[in-house]
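**Student:** Those sequence lines, one after another, are chains B and F.
Using the working numbering, read the first sequence as starting at 2 and increasing by one per residue.
Using the working numbering, read the second sequence as starting at 222 and increasing by one per residue.
All C-beta atoms in this analysis are idealised placements derived from N, C-alpha and C, irrespective of residue type, glycine included.
The model shown is predicted, which means the values in this text are computed figures rather than measured ones.
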Amino acid sequence: MTALLDGLRVIEITGDDVWRASAAAHAARILADLGADVVKVEPPGGDLVRAVPPFLHDRAGADRGLLWIALNANKRGVRLDLPRERDRLRSLLSSADVLVQAREVVDATTAASWSPSLVVASVTPYGLTGPLAGVPASDLEVTASSGALALAGEPERAPVRTTLPQSPFWSGMYAAMGALFALAARAATRRGQQVDVSGQASMVTVHPPACVHWDVAKEEHRRLGAFLIGRSIVGARFRNIWECADGHVSFAIQGGPIGRHTGRMLASWMGERGFTAPRFTATGWDAFDNRTLTQEQVDALEREVAAFFRTITKREFFAGVIERNMLGYPVADASDVYADAQLRAREFWQDTPVDGTTLPFPGGFALFDGERPRLRRGPPRLGEHDVEVLGAVTA
Amino acid sequence: MTAALEGTRVVEFGWAAAGPLVGTYLAQHGADVIHVESSTALDPFRSTYPPFRDNVVGPDRAGMFAFYNAGKRGVTLDLKQPRAVELALRLVKAADVVIESFPAGTLARRGLGHDALRRARADLVILSSCNQGQTGPHAQHPGYGSQLTALAGFNELLGEPDRTPVILYGPYIDYIAVGYGVIAILAALERHRRTGDGCIIDLSQYEAGLQFLAPALLEHAANGTVPTRDANHDRVAVPHGVYPTPADDGWVALSVWSDEEWAQFRVALGDPEWSRDPGLATAAGRRAREAELDDRIAEWTRMRSRDETVATLRTRGIRAAAVESVGELFDDPQLAHRGVWRRAKHAGLGEVGLMAPPFALSETPARADRAGPTLGEHNEAVFKGLLGLGADEYASLAADGVFA
Numbered sequence: 002m003t004a005l006l007d008g009l010r011v012i013e014i015t016g017d018d019v020w021r022a023s024a025a026a027h028a029a030r031i032l033a034d035l036g037a038d039v040v041k042v043e044p045p046g047g048d049l050v051r052a053v054p055p056f057l058h059d060r061a062g063a064d065r066g067l068l069w070i071a072l073n074a075n076k077r078g079v080r081l082d083l084p085r086e087r088d089r090l091r092s093l094l095s096s097a098d099v100l101v102q103a104r105e106v107v108d109a110t111t112a113a114s115w116s117p118s119l120v121v122a123s124v125t126p127y128g129l130t131g132p133l134a135g136v137p138a139s140d141l142e143v144t145a146s147s148g149a150l151a152l153a154g155e156p157e158r159a160p161v162r163t164t165l166p167q168s169p170f171w172s173g174m175y176a177a178m179g180a181l182f183a184l185a186a187r188a189a190t191r192r193g194q195q196v197d198v199s200g201q202a203s204m205v206t207v208h209p210p211a212c213v214h215w216d217v218a219k220e221e222h223r224r225l226g227a228f229l230i231g232r233s234i235v236g237a238r239f240r241n242i243w244e245c246a247d248g249h250v251s252f253a254i255q256g257g258p259i260g261r262h263t264g265r266m267l268a269s270w271m272g273e274r275g276f277t278a279p280r281f282t283a284t285g286w287d288a289f290d291n292r293t294l295t296q297e298q299v300d301a302l303e304r305e306v307a308a309f310f311r312t313i314t315k316r317e318f319f320a321g322v323i324e325r326n327m328l329g330y331p332v333a334d335a336s337d338v339y340a341d342a343q344l345r346a347r348e349f350w351q352d353t354p355v356d357g358t359t360l361p362f363p364g365g366f367a368l369f370d371g372e373r374p375r376l377r378r379g380p381p382r383l384g385e386h387d388v389e390v391l392g393a394v395t396a
Numbered sequence: 222m223t224a225a226l227e228g229t230r231v232v233e234f235g236w237a238a239a240g241p242l243v244g245t246y247l248a249q250h251g252a253d254v255i256h257v258e259s260s261t262a263l264d265p266f267r268s269t270y271p272p273f274r275d276n277v278v279g280p281d282r283a284g285m286f287a288f289y290n291a292g293k294r295g296v297t298l299d300l301k302q303p304r305a306v307e308l309a310l311r312l313v314k315a316a317d318v319v320i321e322s323f324p325a326g327t328l329a330r331r332g333l334g335h336d337a338l339r340r341a342r343a344d345l346v347i348l349s350s351c352n353q354g355q356t357g358p359h360a361q362h363p364g365y366g367s368q369l370t371a372l373a374g375f376n377e378l379l380g381e382p383d384r385t386p387v388i389l390y391g392p393y394i395d396y397i398a399v400g401y402g403v404i405a406i407l408a409a410l411e412r413h414r415r416t417g418d419g420c421i422i423d424l425s426q427y428e429a430g431l432q433f434l435a436p437a438l439l440e441h442a443a444n445g446t447v448p449t450r451d452a453n454h455d456r457v458a459v460p461h462g463v464y465p466t467p468a469d470d471g472w473v474a475l476s477v478w479s480d481e482e483w484a485q486f487r488v489a490l491g492d493p494e495w496s497r498d499p500g501l502a503t504a505a506g507r508r509a510r511e512a513e514l515d516d517r518i519a520e521w522t523r524m525r526s527r528d529e530t531v532a533t534l535r536t537r538g539i540r541a542a543a544v545e546s547v548g549e550l551f552d553d554p555q556l557a558h559r560g561v562w563r564r565a566k567h568a569g570l571g572e573v574g575l576m577a578p579p580f581a582l583s584e585t586p587a588r589a590d591r592a593g594p595t596l597g598e599h600n601e602a603v604f605k606g607l608l609g610l611g612a613d614e615y616a617s618l619a620a621d622g623v624f625a
């Protein structure tokens, strides 16, 4: 079976700040996972992401950063001193289909003059043009500019971001997507084009309902801690994170066919456990409508659910929802994810060599014709493919 | 220049966010996307999820559906009827791509499993996107993205260390799966152009989401630690946080990434006495006293407007940004410059706002000027126009409720 992007050549130029370098690296990693030959270009001293903590086996070191390791598997790596070695870059690009760049080493006009069929994707915090073009930003500022930060956290406290920076992943994903649309266009036109990805705009895509509510109802959604908003026409909110016996679970009271089934199943589960929940069990789940419940009614039901969940563990909850085919999942941490039976059954984890050891990497994001693309290699050592790649180019 | 996917036809079975938004990206780039739904089992985005126009519930008054299905044609088929399934297969025969996002096995029970789709057209690209994937012990489990986000581990990483995790507003993971779904289809079409082969794509929304957590997962695998939420702290930058401004719920985000930046940050602050402490000149020194530092910075940000703080810091090359509310995004000059917000007419909603993709293509830009279809809006155009049903046949099928 031919890999989807077999034969595609991608050059990635890393950047001089963590955000840009990570976003471009993720874009190229996605293309590499689909079978493209990705060559990563680093400065002579190496990509600065190599030394971003946390580190492999908790030992600091230039190639031991786990962010680096995660973002750069499946790639080859070369060193170029840019812009001094611009001619060598030009040679490298002459056989490439896509350039992903974290800093504007080659503008689109120059790239088109070098290679008319080249697709040039640039990932920047705000985009290549406009009032904020060139303004530096990291994950926190990009997320702040997108509305996503204001939507996370407790109402009376400061907004919070995901502790593992997310915006480089989103922006990188959209860069890969944009490059693939450009390749589709190239099939008809034989010409490349520029793909200008904005981190800020990327993060606006993570909360469409908030935008729709503002647009249609001029209702502004704000952060509500553990509560969901936008499920009610009378303004009620619904809890989505609950304490359980040994951590937290995620569950919401909802309507619709699956939501009503879930309500019936939870009522019977409470009954089997001899748990008393008079309001919840007396609810007519066959006609339950979450849209019109008052906050008082929601709160009364949720008090009983909360008391029940405190009596069961995450593991019991997970087994219970699977058995009853009802909505809800535990709030998992990394150890739960590695233990997950579904991921193991689908052979998600792939042992990949890294610096003399092997690590179980998250595998490719989908199965294609029943096969999950294999990770072909760990991240490159600094200059590992200089001779193999640049030697051939200059010869 | 033509659109990137000019001449590509897509047939889509699915509801809510994770399937249909995939088709929207394809439609925005020129594909003819036909969304198949049923009026007998309405999409929750038409029935259950507000907002509705004037807060009155109705399938053609639903803002969510109009947004998530922008740019598509819409038809209704009651797939419990064999003649509806036949028509669906005729649509598939005329398509290059099929998208479906029901729990594993749902379409197969209607006679629209992968084999049946492939018999209709051998070189089809099929995306099956569901919660947990098409195989494995949890394949049939139904789920919504707001809870699946928790299962993948995102919520464990969001909030303050000693408090309950908070949510990522909604079905965060769905939009990751949408992005990877579009990418998978485009990559499969790329191969199809070279080899003529179709492809069956089994996308588990859970596995797609885990891609965005790879460093935290590897940290556990390599070091045995369990990464957890740490408010707004960062592993490199210090200070790094969200600080209050005088306005109600007004906040500013800022971060300092090196000792050189710290020197510039001090200048921006007006070089106050406390900041001259040599102990703060190094990242390690600042990290050891981060709480004290955060209090000092908050004292400063409370004294001036959010925009003034951001401008002062940016002048010194410090990364800073206003924490924008959702309403503010619609007046954001940078988003406006990029043309992120678009508007379109809709028969049931009047005018609706739409969103352009976050990547701008210089030669084949996306179009985002068509809202999602009203229920069954394109039944005649598709079944008569595309499939060639005669007027009598169409009327008789309609009378039998096939187009319900």
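Rounded to whole angstroms, what's the CA-CA distance from G265(B) to H359(F)? Just pull it up for me.
**Tutor:** First, the residue type needs correcting, since residue 265(B) is Arg and not Gly in the sequence shown. Straight-line Cα distance between these residues: approximately 21 angstroms.
**Student:** Please confirm if the segment 263-276 of chain F is in contact with the segment 417-434 of chain F, defined as three or more CB-CB distances below 8 angstroms between the two stretches.
**Tutor:** Cβ pair count under 8 angstroms is below three, so no.
**Student:** What did DSSP end up calling E86(B) once you bin it into helix, strand or coil?
**Tutor:** Coil, per DSSP.
**Student:** Does R116(B) pass the burial test, meaning 16 or more other C-beta atoms within 10 Å, or should it be called exposed?
**Tutor:** The residue asked about is misnamed: residue 116(B) is Ser in this sequence, not Arg. Per the 10 Å Cβ criterion, buried.
**Student:** Check the Cβ of S114(B) against every Cβ in chain F and list those closer than 7 angstroms, keeping chain order.
**Tutor:** Near S114(B) there are no residues of chain F at all, since even the closest Cβ is about 15 angstroms away, more than 7 angstroms.
**Student:** Quick check on this structure: which residue in R540(F), L263(F), G569(F) and P363(F) has the alpha carbon closest to the alpha carbon of G1(B)?
**Tutor:** Because chain B in this structure spans residues 2 to 396, residue 1(B) falls outside the shown range and cannot be described.
**Student:** Buried or exposed, going by whether 16 or more other CB atoms sit within 10 Å of the CB of V235(B)?
**Tutor:** Exposed, since its Cβ has fewer than 16 Cβ neighbours within 10 Å.
**Student:** Can you find at least 3 beta carbon pairs, one from the segment 416-428 of chain F and one from the segment 97-116 of chain B, that sit closer than 8 angstroms?
**Tutor:** Too few Cβ pairs lie closer than 8 angstroms, so no.
**Student:** Contact criterion: CB-CB distance below 9 angstroms. Does P331(B) meet it with respect to chain F?
**Tutor:** Answer yes: the Cβ-Cβ gap between P331(B) and chain F drops below 9 angstroms somewhere.
**Student:** What number of angstroms, rounded off, separates the C-alpha of R497(F) from the C-alpha of S251(B)?
**Tutor:** Rounded to whole angstroms, R497(F) to S251(B) spans 47 angstroms at the Cα level.
**Student:** Should F273(F) be flagged as near chain B, meaning a C-beta pair shorter than 9 angstroms?
**Tutor:** True, the Cβ-Cβ gap to chain B drops below 9 angstroms.
**Student:** In this structure, how does DSSP classify M327(B) when only helix, strand and coil are distinguished?
**Tutor:** In this structure, M327(B) counts as coil in the three-state DSSP scheme.
**Student:** Roughly how many whole angstroms lie between the Cα atoms of G569(F) and L596(F)?
**Tutor:** Roughly 10 angstroms separates the two Cα atoms.
**Student:** Please list the residues of the segment 417-445 of chain F that have a C-beta atom closer than 8 angstroms to any C-beta atom in chain B, keeping them in chain order.
**Tutor:** Per Cβ criterion, the list reads D418, C420, I421, I422, D423, L424, S425, Y427, E428, A429, L431, Q432, F433, L434, A435, P436, A437, L438, L439, E440, H441, A442, A443 and N444.
**Student:** Using 10 angstroms around the beta-carbon of W495(F), count the other beta-carbons present and answer buried if the total reaches 16, otherwise exposed.
**Tutor:** Per the 10 Å Cβ criterion, exposed.
**Student:** Check whether chain F comes within 9 angstroms of G285(B), counting only Cβ atoms and requiring the distance to be less than that.
**Tutor:** Chain F, which has no Cβ nearer than 9 angstroms to the Cβ of G285(B), makes this no.
**Student:** Note down, one range per segment and in chain order, each alpha helix (DSSP H) of at least 4 residues found wholly within the segment 332-385 of chain F.
**Tutor:** Fully enclosed alpha helix (DSSP H) runs of 4 or longer: 335-341 and 366-373.
**Student:** Give the secondary structure of A224(F) by DSSP, where H, G and I count as helix, E and B as strand, and everything else as coil.
**Tutor:** Reduced to three states, the DSSP call for A224(F) is coil.
**Student:** Is the Cβ-Cβ distance between V198(B) and S168(B) less than 9 angstroms?
**Tutor:** Not in contact: V198(B) and S168(B) (Cβ atoms no closer than 9 angstroms).
**Student:** Answer yes if the segment 306-317 of chain B comes into contact with the segment 239-247 of chain B, meaning at least three C-beta pairs across the two stretches below 8 angstroms, and no otherwise.
**Tutor:** Result yes; three or more Cβ-Cβ pairs closer than 8 angstroms.
**Student:** Can you tell me which of the three DSSP states M524(F) falls into?
**Tutor:** Of the three classes helix, strand and coil, the one that applies to M524(F) here is coil, per DSSP.
**Student:** Under 9 angstroms between the Cβ atoms of L225(B) and A253(B)?
**Tutor:** Result no, Cβ atoms of L225(B) and A253(B) do not sit closer than 9 angstroms.
**Student:** Which term fits K566(F), buried or exposed, when burial requires 16 or more other beta carbons within 10 angstroms of its beta carbon?
**Tutor:** Result: exposed.
**Student:** 9 angstroms is my cut-off, CB to CB: does P594(F) come that close to chain B?
**Tutor:** Chain B, which has no Cβ nearer than 9 angstroms to the Cβ of P594(F), makes this no.
**Student:** So R507(F) and L514(F) are supposed to be a Cβ contact under 8 angstroms. How far apart are they, rounded?
**Tutor:** The Cβ separation is near 6 angstroms, so the contact holds.
**Student:** Tell me where the alpha helix (DSSP H) around S23(B) begins and ends.
**Tutor:** Where S23(B) is concerned, the enclosing alpha helix (DSSP H) stretches over V19 to D34.
**Student:** Of all the residues that make up the segment 190-205 of chain B, which are near chain F by a beta-carbon distance shorter than 9 angstroms?
**Tutor:** The segment 190-205 of chain B vs chain F, Cβ under 9 angstroms: T190, R192, G193, Q194, Q195, V196, D197, V198, S199, G200, Q201, A202, S203, M204 and V205.
**Student:** Tell me whether the segment 389-396 of chain F and the segment 148-166 of chain B touch, counting them as touching only if at least three CB pairs, one residue from each stretch, are closer than 8 angstroms.
**Tutor:** Enough Cβ pairs lie closer than 8 angstroms, so yes.
**Student:** Taking the DSSP output, what are the residues bridged to F369(B)?
**Tutor:** Note: F369(B) sits in a beta bridge opposite E372(B) and I422(F).
**Student:** Would a check of beta-carbon distances place A625(F) closer than 9 angstroms to chain B?
**Tutor:** No, because no Cβ of chain B sits closer than 9 angstroms to the Cβ of A625(F).
**Student:** Can you tell which of G193(B), A188(B), V161(B) and M204(B) has its C-alpha closest to the C-alpha of Y175(B)?
**Tutor:** Looking at the Cα atoms, M204(B) is the closest of the given residues.
**Student:** Check I254(B) in the structure and name its three-state DSSP category.
**Tutor:** Reduced to three states, the DSSP call for I254(B) is coil.
**Student:** Please work out which residues of its chain come closer than 7 angstroms, Cβ to Cβ, to L490(F), disregarding the five sequence neighbours upstream and downstream, and give them in chain order.
**Tutor:** For L490(F), where only same-chain residues beyond five positions count, the Cβ hits under 7 angstroms are S496 and W521.
**Student:** Measure the CB-CB distance between V547(F) and A211(B) and report whether it falls below 9 angstroms.
**Tutor:** In this structure, A211(B) lies closer than 9 angstroms to V547(F) by Cβ.
**Student:** Do three or more CB pairs link the segment 369-381 of chain B to the segment 340-356 of chain B at distances below 8 angstroms?
**Tutor:** Verdict: yes, contact present.
**Student:** Would you please verify whether the beta carbon of D590(F) is less than 9 angstroms from any beta carbon of chain B?
**Tutor:** So no, D590(F) is outside the interface.
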